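Residue numbers (UniProt numbering): 1 to 501.
Working notes, structure below.
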Amino acid sequence: MKIRVLVVEDEPPIQRSICQKIEESNENYIVVAAIDNGKDAIQYLKEYPVDVMFVDMNLPIVSGKELLKFCYSEKLPVLPVVLSGYTDFEYVKCAVANHAVDYLLKPLNSQELKLILQKIEIRIREQQQEEKIQNLTDAIKGFNTLQTKESNSEKNPSYSMLLISLGACPYENERNYRELFEKLDLEGNFSQIVSEENFWLVNGKNINEKIIFVRRDQVPDINHLNQFVRSLKFLGLTITIVFYKDAVKVSDIFATYHLLQKYARKHVIFLKNSVLIYSPEGFKSDYTDLRRKIDGMILQCKNMNISDITDSFAELLKLLTVRPITQKEAVRNIKYFVSELYKVHHGHREFFEVEEDIQFILENYYTKEEILKEFDFLLKDIFGIEVYDSRDKKIIALKMKNYLDEKFRSNVTNQLLAANFGFVPSYLVSIFKICYGLTPMDYLVNKRIDEAKVLLEDGSLKIKDIARVVGYEDSLYFSKVFKKFTGVSPKEYKGGLSGNK
Numbered sequence: 001m002k003i004r005v006l007v008v009e010d011e012p013p014i015q016r017s018i019c020q021k022i023e024e025s026n027e028n029y030i031v032v033a034a035i036d037n038g039k040d041a042i043q044y045l046k047e048y049p050v051d052v053m054f055v056d057m058n059l060p061i062v063s064g065k066e067l068l069k070f071c072y073s074e075k076l077p078v079l080p081v082v083l084s085g086y087t088d089f090e091y092v093k094c095a096v097a098n099h100a101v102d103y104l105l106k107p108l109n110s111q112e113l114k115l116i117l118q119k120i121e122i123r124i125r126e127q128q129q130e131e132k133i134q135n136l137t138d139a140i141k142g143f144n145t146l147q148t149k150e151s152n153s154e155k156n157p158s159y160s161m162l163l164i165s166l167g168a169c170p171y172e173n174e175r176n177y178r179e180l181f182e183k184l185d186l187e188g189n190f191s192q193i194v195s196e197e198n199f200w201l202v203n204g205k206n207i208n209e210k211i212i213f214v215r216r217d218q219v220p221d222i223n224h225l226n227q228f229v230r231s232l233k234f235l236g237l238t239i240t241i242v243f244y245k246d247a248v249k250v251s252d253i254f255a256t257y258h259l260l261q262k263y264a265r266k267h268v269i270f271l272k273n274s275v276l277i278y279s280p281e282g283f284k285s286d287y288t289d290l291r292r293k294i295d296g297m298i299l300q301c302k303n304m305n306i307s308d309i310t311d312s313f314a315e316l317l318k319l320l321t322v323r324p325i326t327q328k329e330a331v332r333n334i335k336y337f338v339s340e341l342y343k344v345h346h347g348h349r350e351f352f353e354v355e356e357d358i359q360f361i362l363e364n365y366y367t368k369e370e371i372l373k374e375f376d377f378l379l380k381d382i383f384g385i386e387v388y389d390s391r392d393k394k395i396i397a398l399k400m401k402n403y404l405d406e407k408f409r410s411n412v413t414n415q416l417l418a419a420n421f422g423f424v425p426s427y428l429v430s431i432f433k434i435c436y437g438l439t440p441m442d443y444l445v446n447k448r449i450d451e452a453k454v455l456l457e458d459g460s461l462k463i464k465d466i467a468r469v470v471g472y473e474d475s476l477y478f479s480k481v482f483k484k485f486t487g488v489s490p491k492e493y494k495g496g497l498s499g500n501k
């Protein structure tokens, strides 16, 4: 897209020279108008879009100074470059006050002009990129502002969309997705298959999501997308990309985004990064044979001891990862396996309690090794010799609670609790939830939010400082968590308090 330039100069030879030098110095610029007085320049600016204005300060009818003031007061999206035949402190002062990009002496020095044009181009491209990302973000939220804000060169734009989702569920409290996305460097890696000016990366509505919009004439093929997903750093959780190949108009972005969200949740692949091409029908597989094999394994488990049962679970996991299977189907089959075990072995715990543990494990662990370790402990806890009675479990839960009360400002995770208390995370989560009605991480967040409320009520600290005090290095992430748990942002909460005084 060419950068549109208006030249306002009252001396014809100089005007022609300036116009010629601008277009010769940088092919990305086009002089759309050359005007000899400030009054006509104001009229032109009211009617036509301009990106850059080269303006002489000594103009007839309306001076360059008044023209600059008009642009500034009307908040016109034009970058002024001031021209003058001599250095005058008042002119320089006026240029600075009205946010002129630079101040040039006539006659123009070609090298100096080239440098200024390069600087302006970088600034304009950055502004355009920021506006584009903001407009696409608004479209994701259902605001179709893009239709009115798009540049003249992009009437009725359309895109291909990619939804990138981390993990198997919308969010997990202990993960800092902002930090995880920074480590993935999606922009840098995607620019290896599509040039930077042809795609835009925006945040999804859930904290574990990003969306990439790609120009329709630059859409990558499936091989390049697979190359992209292979280039991403392993972060201990699966990455699912859903690719919507068809053209998406601005007015359809909101609806398409929700289609991709539903598709990702339904079709995320168990323990594998994947690129899925959106299809209204989805993809279907026949799992009848899988269920028969599980039934056969259950029959074999009837006369097994607990260590053999955990070996059978390892076989089940192997069976579930031989070929791609959806997360939902894998969870369904693992729950079926454990529920059927109850028919051939006595369990120390009710299945509905165990079902929550299974869900927790499969939503928080994304390698076979981690899942095997968690289920080895879980199955022994259910079907093995009961080592800990309810009183012992209450003592462990209380110790965890005291630990969280003391360390809530630190970076506490389920893995850290496991290291401190000597049990696998899912077991600790289970006994804590039985005793206190919520998981350790939910308890931790509630503790942090309660402390944040006290500090907000005090009013002496800034929100970013409060975030750090209660355990969040990232103040934006803190604000999202605060709003999720309270329904309002920290700023709104603080404002509500001051309004009630």
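We put the CB at the ideal spot given by N, CA and C, even for glycine.
Only a predicted model underlies this, so the values are computations on that prediction, with no experimental measurement involved.
Bounding residues of the beta strand (DSSP E) (the contiguous stretch that carries residue i)
i: K210; result: 209-215
i: N425; result: Correcting the residue identity first, residue 425 is Pro in this sequence and not Asn. Where P425 is concerned, there is no enclosing beta strand (DSSP E), although the alpha helix (DSSP H) it sits in stretches over 425-436.
i: P80; result: 79-84
i: L201; result: 199-203
i: F228; result: It is not in any beta strand (DSSP E) - F228 instead sits in the alpha helix (DSSP H) that spans 222-231.
i: I193; result: Note, I193: premise wrong, no beta strand (DSSP E); not H, not E.
i: I277; result: 274-277
i: L163; result: 158-166
i: A247; result: 239-249
Given residue i as reference, the closest of the options once Cα atoms are compared
i: N28; options: Y103, I124, Y263, S165; result: I124
i: H258; options: K205, Y365, M400; result: K205
i: L235; options: T486, F408, R178; result: R178
i: A218; options: V194, F143, I212; result: In the sequence on display, residue 218 carries Gln and not Ala. With distances taken between Cα atoms, Q218 lies closest to V194.
i: F181; options: I277, F199, F408, I164; result: I164
i: S489; options: D465, V470, K453; result: K453
i: T326; options: I30, P12, A264; result: A264
i: I396; options: D458, N420, K65; result: N420
i: K266; options: C169, S191, F199, G459; result: C169
i: V242; options: P220, S274, S231; result: S274
i: I431; options: K65, K393, N402, G459; result: K393
i: K480; options: L67, N203, F199; result: N203
Between the CA atoms of residue j and residue i - distance to the nearest angstrom
i: K284; j: T137; result: 33 Å
i: E112; j: L59; result: 23 Å
i: P49; j: N208; result: 39 Å
i: I133; j: L378; result: 46 Å
i: E196; j: E187; result: 8 Å
i: I253; j: N37; result: 45 Å
i: K149; j: N135; result: Because the pLDDT at K149 is just 46, under 50, the model does not fix this residue reliably, and the point stays unresolved.
i: L456; j: Y436; result: 27 Å
i: K399; j: N446; result: 18 Å
i: N26; j: Q20; result: 10 Å
i: T321; j: V354; result: 23 Å
i: D246; j: I269; result: 23 Å
i: L319; j: A467; result: 45 Å
i: D442; j: K433; result: 10 Å
i: Y159; j: F213; result: 6 Å
i: P324; j: D289; result: 15 Å
i: D381; j: H345; result: 13 Å
i: K491; j: M1; result: 40 Å
i: F228; j: L260; result: 19 Å
i: K75; j: F478; result: 34 Å
i: Y493; j: K407; result: 25 Å
i: K141; j: T240; result: 21 Å
i: E23; j: I30; result: 6 Å
i: F485; j: R448; result: 11 Å
i: Y472; j: S17; result: 58 Å
i: L404; j: N189; result: 38 Å
i: Q15; j: I116; result: 18 Å
Contact belief for residue i with residue j at Cβ below 8 Å, rounded distance in angstroms
i: T439; j: V424; result: Not really, about 14 Å apart at Cβ, beyond 8 Å.
i: L104; j: V78; result: That belief does not hold up - the Cβ atoms of L104 and V78 are roughly 16 Å apart, past 8 Å.
i: I277; j: I211; result: No, I277 and I211 are not in contact; Cβ-Cβ is about 16 Å, not under 8 Å.
i: V32; j: A139; result: About 29 Å separates the two Cβ atoms, so there is no contact after all.
i: E340; j: I298; result: 4 Å
i: S84; j: D56; result: 7 Å
i: Y342; j: F352; result: Not a contact, Cβ separation roughly 11 Å.
i: E121; j: I3; result: 6 Å
Bounding residues of the alpha helix (DSSP H) (the contiguous stretch that carries residue i)
i: V445; result: 440-458
i: T137; result: 110-140
i: A297; result: Checking the displayed sequence, the identity of residue 297 turns out to be Met instead of Ala. That run of the alpha helix (DSSP H) goes 288-301.
i: A314; result: 306-321
i: K2; result: Careful: K2 lies outside any alpha helix (DSSP H) and carries neither H nor E.
i: F54; result: Unbroken run through F54 is the beta strand (DSSP E), 52-56; no alpha helix (DSSP H).
Any non-hydrogen atom of the ligand FAD closer than 7 Å to residue i Cβ
i: H348; result: The ligand FAD is not part of this structure, which contains no ligands at all.
Query raised in the report: Pairing CB atoms from the region 307-319 with CB atoms from the region 331-342, are three or more of them under 8 Å?
Result: yes
Requested in this report: Say whether the region 361-378 touches the region 230-248, bearing in mind that this needs 3 or more beta-carbon pairs closer than 8 Å, one atom from each stretch.
Outcome: yes
Query - At least 3 beta-carbon pairs within less than 8 Å: the region 2-12 vs the region 41-55 - result: yes
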